[in-house]
């Protein structure tokens, strides 16, 4: 009886596979394929720093309300659209200045028209330059930025925080040499002062918590005079500081 019972059990058909069980193997295969792509991505030459900066700017809650610029999904988007489109920037420079420097972020005791006359926004070979006349930020012969200058520079902070590009800050002087002055001594002093001013402006943004590795500074003294396009009623002169948003790649020359 026992042997017969065992024979009967051995002749039983195996239980049918449960419906959909093949999905287990398929999901394992999908996981392996995904892991392969992640591995290839991590080994590629993509600029991980750029990806991280873009991700940080997208998830930064402080961009939901930007002082002086407004909500990130409205005014800041318009600023970026104008800033990164050469044709739109040329045609809408005044609009861009109004967006970047509204009344509530500018020094109340200074005339807004005078301030905006001392600021230019223009294209550069390697991006876009925000140009400040030295008189707007510094006293004559000084590299110290006063409260009004820091407030004006601070109006650009939300923009520099939002864009994923490197920022270069450059100081410039004129090439005037007056009677009784030694040319070589004057030029050396102009290099030193223009470099110190560029570093002072960069310091404003470092204290605001912007990512240090994105910034560089240089003093060109009189070596890069203002281009002819700066003519007319503008108050911007060769003595200036530029904040260059390097949105189109590095370049050795600005002009």
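Numbering (the working numbering), first residue to last: 17 to 271. Cβ coordinates follow ideal geometry from the N, Cα and C atoms, glycine included.
For residue i, the three-state DSSP class (helix, strand or coil)
| i | result |
| --- | --- |
| residue 143 | strand |
| residue 111 | helix |
| residue 237 | coil |
| residue 243 | coil |
| residue 232 | strand |
| residue 97 | helix |
| residue 220 | helix |
| residue 257 | strand |
| residue 225 | coil |
| residue 252 | coil |
Alpha carbon of residue i to alpha carbon of residue j, nearest angstrom
| i | j | result |
| --- | --- | --- |
| residue 99 | residue 136 | 12 Å |
| residue 276 | residue 105 | Residue 276 lies beyond the stretch modelled for the chain, which goes from 17 to 271, so this question has no answer here. |
| residue 206 | residue 189 | 6 Å |
| residue 154 | residue 129 | 18 Å |
| residue 226 | residue 203 | 32 Å |
| residue 168 | residue 201 | 32 Å |
| residue 187 | residue 212 | 8 Å |
| residue 264 | residue 148 | 21 Å |
| residue 252 | residue 131 | 10 Å |
| residue 83 | residue 254 | With a pLDDT of only 39 at residue 83, under 50, the local geometry of the prediction cannot be trusted, and the value read off the model is given with reservation. Rounded to whole angstroms, residue 83 to residue 254 spans 31 Å at the Cα level. |
Closest by C-alpha distance to residue i, when choosing among the options
| i | options | result |
| --- | --- | --- |
| residue 151 | 176, 143 and 133 | 133 |
| residue 116 | 163, 212 and 173 | 173 |
| residue 94 | 256, 156, 202 and 175 | 175 |
| residue 92 | 161, 192 and 178 | 178 |
| residue 237 | 191, 226 and 264 | 191 |
| residue 122 | 147, 171 and 97 | 171 |
| residue 141 | 118, 241, 239 and 102 | 102 |
| residue 157 | 209, 144, 145 and 127 | 209 |
Taking 8 Å as the threshold, find out whether the segment 171-184 comes into contact with the segment 229-237 through three or more Cβ pairs. yes
For the pair the segment 111-123 and the segment 212-219, tell me if three or more CB-CB distances fall below 8 Å. No, the segment 111-123 is not in contact with the segment 212-219.
Could you tell me which whole beta strand (DSSP E) segments of length 3 or greater appear in the segment 120-197? 135-140, 143-149 and 183-188
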